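Comments concern the structure below.
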Amino acid sequence: MKKTIILTLITLFTVIQIKAQNIVNEFWETDGQVNASVKINNKLYIGGDFSYVGPTTGSLVAYRNSTGAGISLPFNLSGKVNDIVKDNSGNIYIAGLFSINGNPAQSIVKITPNFLLDASFQFNFNNEISDLAINGTNLYVLGLFSTVNSQLRLSFASINLTTNQLSSFAPNPDGQALSLAVANGNLYVGGLFSIISGAGRNSFAVYNASNVLQSLNIPIRGSVKTIIVKDSLLFLGGTFDSIGGIYRKNVGSLNVNTSQVRNWKAHTLGTVNDMDINNNSLYLGGNFSQVGTSIRNNMASVHILTGIVETFDPGLDAAISNVKVNNGTIYVGGDFNFVGSDNRKYYAAISTSGISNLGTPLVNAKVEATYFVGDTVIVGGTFSSFGGRSVYNLAAFDYNTGSAVAWPISIDGTVTVLKQIGSKLLVGGDFYSVNQLFRRSLAIVDTVNGTPTSFDVECDGSINDVILAGTNLIIGGNFSNFGTSARNNLAMVNLGGTGVLQSWNPNLNGQVRRLLLNQTQLYAIGDFTQVGSTVKKRMASFELSNNFNLRNWSVVADSTIHVAIAVGSKIIVGGNFLNINGVSRSSIASLDTATAATGTLQIPLVGNVLALKEDNGLLYVGGDITTNTNKGFTCFTIFNAQEINFPVKVKIGSVNKIWPVDNRLVLSGSFTLSNSSGKSNFALVNLSVSSPTVQASAVSFSQVGAVSFRIHFNKGNGDKQLVLIKQGNAVDTIPVNGLSYIANSLFGSGDNIGGKYVVYNGVDTTVLITGLNTGSNYHVAVFTYNGFSSNTNYLNTNPARGNITTVVGYNPPTAAASNIIFSDVRVSQMVVKWTKGNGTKRYLVGHEAVAVSRIPSDSTQYLGRSDFGSGTDLGTSNFIVYDGVGDSVLVTNLKGGTTYYFSVFEYNGNGQFSRVLKTGSPVGNQQMLTVASEPTGGSSAVTFANTTVNSTQVNWLSGNGTSRVVVVREGSAVVSLPVDGDTYFTDNNFNGNSSYLSPNERIVYVGAGNQFTVSGLKASTTYHFALIEFNGSGYTSNYQSANFVRGNVTTKSTTILPLVATKNILFTKVSRDSIQCKWTKGDGQKRLVVIRKFQPVTSYPIQRAIYTGSSVYGMGDSLSDGSFILSYQNNDSITISNLQPNTKYYIAVFESNSSVPGPVYLSDSFAMAFITTQISVGFTKIMGENNLKIYPNPLSGEKLYIELKKPLTGNEIITITDIAGKIVYRNETGKNLIGEQHFQLDLGQFQKGQYLIQLMESDFIYSTTLLIN
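So the numbering used here is basically just the index in the sequence shown, starting at one, shifted up by 2.
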């Protein structure tokens, strides 16, 4: 019986459902894989690995903020929404890359205040839009595009909202523009570029309301992703490390009145993606873990005046991409799963105290944009479902409405199998409990209250598939035991009671992934190589009527088999193989059920097949697959392996499971469909449909030419429309139900139905027909229909009709183009622009060195190519460089210094019917820039003078270039060179407004002189210079490429070294394991005391290095000669412990002064003396872990275990000393441990750090170090 497709969706969030192909739109979808489905008592149960179910809404929704109620939108938008803005008239602009009502993708759309599409707002961007801003009557657009309406616009364009036309504003940055903000009449632009509107601007630029680039030039090293302005304060966020040469990490602020970088520091450890302001709080969202010195995960607030990190700390677990404040609540979108401890995926509303609002709608994927219009919230992103509910792994849908029903079920893992057992539901997978009752991977549950029955097979692993065999259940998976009985990967239980294990034990040595029962033959598919002791790789078969014995049926595949279905006497298998049983088969093969011989079926696809389903002679295929026309999912006829135009298409991803429910297909996997709402991961498809009831109507014609015309019509209420055309007479043939026709808009190329040609078969309401004869009459009939392939059902009564006669020919245009102008002229490229005439198209003809001398001919098809010399040559090198409807083109492949001549010719028609206006064509010419010659003599004799703590004067003898640049690098030699044709700027400040050659190298001089002073340097730091000659300027610059002069200079120190060294080291007490010494201080603020065993101290402290010392020998920092730091303080004596007896030790003392970069040490003069510790009389000191072992080390718990080489005598003393030499633990072991070699200490009260452990007993000292974490 034929059934109609259900059209309406009644839920919290609704849109008008367009009948897109045969998808049942009212069924909710999930945010993850669905593995199984079964229908019981008018409910559809689904199981898988998901945490959300919700209605299919598309990627743009609206709801009431006060109530959460959804607002019905009169269209479906599916894809990606990146930004939303509103103009002063209340019109809303949506940007991204998306499809509306299933139509071809577009990047921007205009919606009226009452949410109607404005069809007059049409702009063709060749890639997605990422950001929008409105300044007056201009709508500014950023994105990944390079053309708008076929005109060159590199990532940045402007639309005049008064005229609805693309503005001539074309800044064409040399990198990506990423962010916009409007304030004080100015437009602020951020991104990752170095040139914009032909001027040098590093990642930040400002335009006034007339689109004039302003003089403000504050270079930013890195990318600016977000900008926001409040009053005179401008904030920038992104991935950068300096603003105007001043260190600012990823976030910073300017004063727009003074154009100065503010002393406002809130550095982040990670990227800032978006910002918004509420009162005096700046809210940051991004991918960071710290702001200032405060730990903040991905979101924080900072005071806009002080830069102090505020207490706001919601603690999101992943990156934020969108931040919007409304009425004191912060709305965020991103990749997160949690806000604090609250489970909030992708979208959340957070109070200023950092608490999430659990009343906000749930969503199945990322939110990229949020906009508020009064109480209305408009939300866009990459999601396809909004306003659903949290449901984990197992859900129930009402089969009539498609929406989820309340069902008290809780399951703590993945579901892979669902089967009806009487009125109950059998659930299998990889889980541990159902409704808090232990059930490992298999349970039978009540379909009303979710309560598990007593059935419990006590499986110890996961279950992948089950088959019902009478009163028994055959189970395949990855397990080794049922209760106390061994069962490896394949088992059988009785369905009665608790699930008694049956004696059948095939014992497979690898997991079973799928099971198939074909009459009395059971097939197992998986990762095994043996069944019992019999070799069976990847697939095996058992005969149920013969005691489940293993059949003599073997398959040899060169890679994985994932799925199998039975079709007649064949088993069709799918997987990732290229050869099966020695026969070449790509991913799909048929096998004989008796012999396993490979059949003749050859399906033309490549990839990994994960799902198969046969229905009515059609084979449905899903997986990571590719055919000539589809990816992820497709359909073939089995009898001849022909791919059919199945109406359901996968946009991205793959269908991984296919199974039938009634006369529908259930598709699940990880995918987005190409329907009008972008259904994701789970969908039902009707395989049987009724005849439409409303026929197509109102045929009309436009663009009538000599060989073409455009047909318009109103749709009927069928899924698609079929258009037939006949020349000379009315269409008198009707399409046949059950047949699908191939259309082609080139007349005579589509299917021929009794002399009538099929010119269109699809969902649109217009089609351009070509290939017609001039002056001929054509009759049109439009039929509406439902279905696909063998399931088509046409409404054949009263088709929409019309007829039209093509024109005899075209006339040439009457108004020529005019006003050729040239811009962005460089050495090898320039932009040529003109004012259009009244032709439908135009040719731009170019000639090198002399004027254009050829005119395009009528009735001729030319190839226009903007790379000069590649288009059609009209003769004598007059090349067609453009053929189209636009008014400008970037011409490339030009020669430097050469003059090029151009002329524009308007024309109408195409091909043999083209008619060119051959008079009045404008002409223009432009000479290209010439690259200057490279200098042959470099600068020389570089010297430095007047060097201070932060500047130096550089002097040199100039080479033979007209100018020169000076490149500086801190700490090491210059390695980056300027690029020919690039322009560099500088203010002679290493940390100022100077061009970067790399993150560490900057241009500090550009000019023709031989002396300058560079500032902005660090004290006591070595800077390396390279002086590079060049000729030319701007695009003609040619820089010296080798043999340039280099030099380096070290700036003065801000701290004076001590002048008087330590002297008179005296040893006041010496024992076998310690010494005391004192000295006479020098004039330093502090002194560094160093000790070395056996030899003098020969390694000096590194200037500005900070050392940690310890009076316990061996526990302080070390120098390169193996000596150890004892202390760094203002002292004149020290006691040193942990020494060895009868050993010589050298003590050195270095005077030191403090400085901001770090301490400086007097190493030219210092005191050093040596002493030998006393001889050990009657005892031996034993060091190291060979004699005293401790574990664990490092210690992270409380108990430390000690092992000795010899038993205790009861007279030992244990001491623990910290890094400062203080004994923090002392204990006599007592007589109770006599004879013991193992014991433990409780060190739970100790702080983190390094310690010395010693065990002393008359003649012995055992010693080792311990690290506590």
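Even glycine gets a Cβ: it sits at the ideal position worked out from N, Cα and C. As the structure is a computational prediction, the values presented were derived from the model and not from experiment.
>> Considering only the alpha carbon of each residue, which of V569, G634, G877 lies closest to N618?
In response: Within the sequence shown, residue 618 is the residue found at index 616, counting from 1. If we check each option's Cα against that of N618, V569 comes out closest.
> Can V706 and V827 be called in contact, C-beta distance under 8 Å?
Replying inline: Within the sequence shown, residue 706 is the residue found at index 704, counting from 1. Within the sequence shown, residue 827 is the residue found at index 825, counting from 1. In this structure, V827 does not lie closer than 8 Å to V706 by Cβ.
> Opposite D89 in the DSSP bridges: which residues?
Replying inline: For the purposes of this step, residue 89 is taken as residue 87 along the sequence shown, with counting starting at 1. None, per the DSSP bridge assignment.
>> Considering only the alpha carbon of each residue, which of N716, Q523, S1265, D721 lies closest to S692?
In response: Within the sequence shown, residue 692 is the residue found at index 690, counting from 1. Out of N716, Q523, S1265, D721, D721 has the C-alpha closest to the C-alpha of S692.
>> Closer than 8 Å is the cut-off here; do at least three beta carbon pairs connect the region 815-825 with the region 756-770?
In response: no
> Quick one: what does DSSP say Q1242 is sitting in, helix, strand or coil?
Replying inline: Taking the first residue of the sequence shown as 1, we reach residue 1242 at position 1240. Correct three-state label for Q1242: strand.
>> Considering only their Cβ atoms, is the gap separating L1029 from V1008 smaller than 8 Å?
In response: Here the question's residue 1008 lines up with position 1006 in the sequence shown. Here the question's residue 1029 lines up with position 1027 in the sequence shown. Result no, Cβ atoms of V1008 and L1029 do not sit closer than 8 Å.
> Looking at L552 and F530, is the spacing between their C-beta atoms short of 8 Å?
Replying inline: What you label residue 530 is simply residue 528 of the sequence shown in a count that begins at 1. What you label residue 552 is simply residue 550 of the sequence shown in a count that begins at 1. Contact flag unset, no.
>> Only counting the same chain, and skipping five residues up and downstream in sequence, which positions put a Cβ closer than 7 Å to that of S935?
In response: For this step, residue 935 is matched to residue 933 along the sequence shown. So the list reads N1033, N1040, once near-sequence residues are dropped.
> Which residues in the same chain have their Cβ closer than 7 Å to the Cβ of S556, if we skip the five residues on either side of it in sequence?
Replying inline: Translated into the one-based positions of the sequence shown, residue 556 becomes position 554. Within the same chain, S556 has close Cβ partners K538, A598.
> Given a threshold of 16 other Cβ atoms within 10 Å of its Cβ, counted over all protein chains shown, does N1213 qualify as buried or as exposed?
Replying inline: Position 1211 of the sequence shown holds residue 1213. It counts as exposed.
>> Quick check: the Cα distance between Q521 and P508, rounded to an integer number of angstroms?
In response: Indexing the sequence shown from 1 puts residue 521 at position 519. Indexing the sequence shown from 1 puts residue 508 at position 506. Distance between the alpha carbons of Q521 and P508: 20 Å.
> Since I823 sits in a beta bridge, which residues does DSSP pair it with?
Replying inline: On the sequence shown, position 821 is the one that residue 823 refers to. The partner list for I823 (beta bridge, DSSP) reads K835.
>> Taking the beta strand (DSSP E) that R298 belongs to, which residues open and close that run?
In response: Position 296 of the sequence shown holds residue 298. Taken as a continuous stretch (DSSP letters only), R298 belongs to no beta strand (DSSP E), as it is neither H nor E.
> Residue range of the beta strand (DSSP E) that T628 falls in?
Replying inline: Working through the sequence shown from its first residue, we reach residue 628 at position 626. That run of the beta strand (DSSP E) goes 620-628.
> Which first and last residues belong to the beta strand (DSSP E) in which E28 is found?
Replying inline: Residue 28 sits at position 26 when you count from the first residue of the sequence shown. Unbroken run through E28: none, as it is neither H nor E.
> Between the Cα of A183 and the Cα atoms of N67, G239, L444, which residue gives the shortest distance?
Replying inline: Here residue 183 refers to the residue found at position 181 of the sequence shown. A183 has its Cα closest to that of G239, out of N67, G239, L444.
> Would DSSP call Y1037 helix, strand or coil?
Replying inline: If you number the sequence shown from 1, residue 1037 lands on position 1035. Three-state result, Y1037: helix.
> With L364 and F340 assumed to form a contact (beta carbons below 8 Å), what rounded beta-carbon distance in angstroms separates them?
Replying inline: As a first step, residue 364 is located in the sequence shown; it is residue number 362 there, counting from the start. As a first step, residue 340 is located in the sequence shown; it is residue number 338 there, counting from the start. That pair is no contact at about 13 Å.
>> Please identify the residue among K1208, S974, Q1256, K1201 whose C-alpha is closest to the C-alpha of R1333.
In response: No answer is possible for residue 1333: it lies beyond the span of the chain, which begins at 3 and ends at 1271.
> Going along the chain, which residues of its own chain have a beta-carbon closer than 6 Å to the beta-carbon of V231, five neighbours each way excluded?
Replying inline: Here residue 231 is taken as the residue at index 229 of the sequence shown, counted from 1. Excluding sequence neighbours, V231 sits near A183, A185.
> Mapping DSSP to helix, strand and coil, what is S547?
Replying inline: Start at 1 with the first residue of the sequence shown, and residue 547 comes out as number 545. Helix, per DSSP.
>> Going residue by residue through the region 1047-1103, where are the continuous alpha helix (DSSP H) segments of at least 4 residues, counting only ones entirely within it?
In response: none
> Mind checking R66: buried by the 16 CB within 10 Å criterion, or exposed?
Replying inline: As a working note, residue 66 is residue 64 in the sequence shown. Exposed, since its Cβ has fewer than 16 Cβ neighbours within 10 Å.
> What's the call for Y47, buried or exposed, on a 16-neighbour Cβ count within 10 Å?
Replying inline: The sequence position of residue 47 within the sequence shown is 45, counting from 1. Y47 is buried by the Cβ-count criterion.
> Are there three or more Cβ pairs, one per stretch, closer than 8 Å when the region 81-88 is compared with the region 421-439?
Replying inline: Output reads no: the region 421-439 does not touch the region 81-88.
> When the Cα atoms are used, what is the spatial distance from T794 to Y787?
Replying inline: Locating residue 794 in the sequence shown gives position 792, where the first residue counts as 1. Locating residue 787 in the sequence shown gives position 785, where the first residue counts as 1. Cα-Cα distance, rounded: 7 Å.
>> Taking the alpha carbon of L146 as the reference point, which residue from S1112, G98, A698 has its own alpha carbon closest?
In response: Taking the first residue of the sequence shown as 1, we reach residue 146 at position 144. Here the closest residue by C-alpha is G98.
> Taking the DSSP output, what are the residues bridged to G577?
Replying inline: Position 575 of the sequence shown, counting from 1, holds the residue named residue 577. Answer is I563.
>> Please state the DSSP three-state secondary structure of G913.
In response: Here the question's residue 913 lines up with position 911 in the sequence shown. It is helical.
> Hey, quick one: how far does the beta strand (DSSP E) through S672 stretch, first residue to last?
Replying inline: In the sequence shown, counting from the first residue as 1, residue 672 sits at position 670. Unbroken beta strand (DSSP E) run through S672: 666-675.
> In terms of residues, what are the limits of the beta strand (DSSP E) holding A179?
Replying inline: On the sequence shown, position 177 is the one that residue 179 refers to. Its beta strand (DSSP E) spans residues 178-185.
> Assuming Y348 contacts F385 under a Cβ cut-off of 8 Å, what Cβ separation, rounded to an integer in Å, is found between them?
Replying inline: Position 346 of the sequence shown, counted from the start, is the residue given in the question as residue 348. Position 383 of the sequence shown, counted from the start, is the residue given in the question as residue 385. About 7 Å; that satisfies the 8 Å criterion.
> Nearest CA to the CA of A397: which residue from L519, K45, E645?
Replying inline: Locating residue 397 in the sequence shown gives position 395, where the first residue counts as 1. Taking only the C-alpha atoms, the option nearest A397 is K45.
> Which term fits V887, buried or exposed, when burial requires 16 or more other beta carbons within 10 angstroms of its beta carbon?
Replying inline: Start at 1 with the first residue of the sequence shown, and residue 887 comes out as number 885. Residue environment: V887 is assigned as exposed (fewer than 16 neighbouring CB atoms within 10 Å of its CB, all protein chains considered).
> The beta strand (DSSP E) with W555 in it runs from where to where?
Replying inline: Here residue 555 refers to the residue found at position 553 when the sequence shown is read from its first residue. Segment: none, W555 is in no beta strand (DSSP E) and carries neither H nor E.
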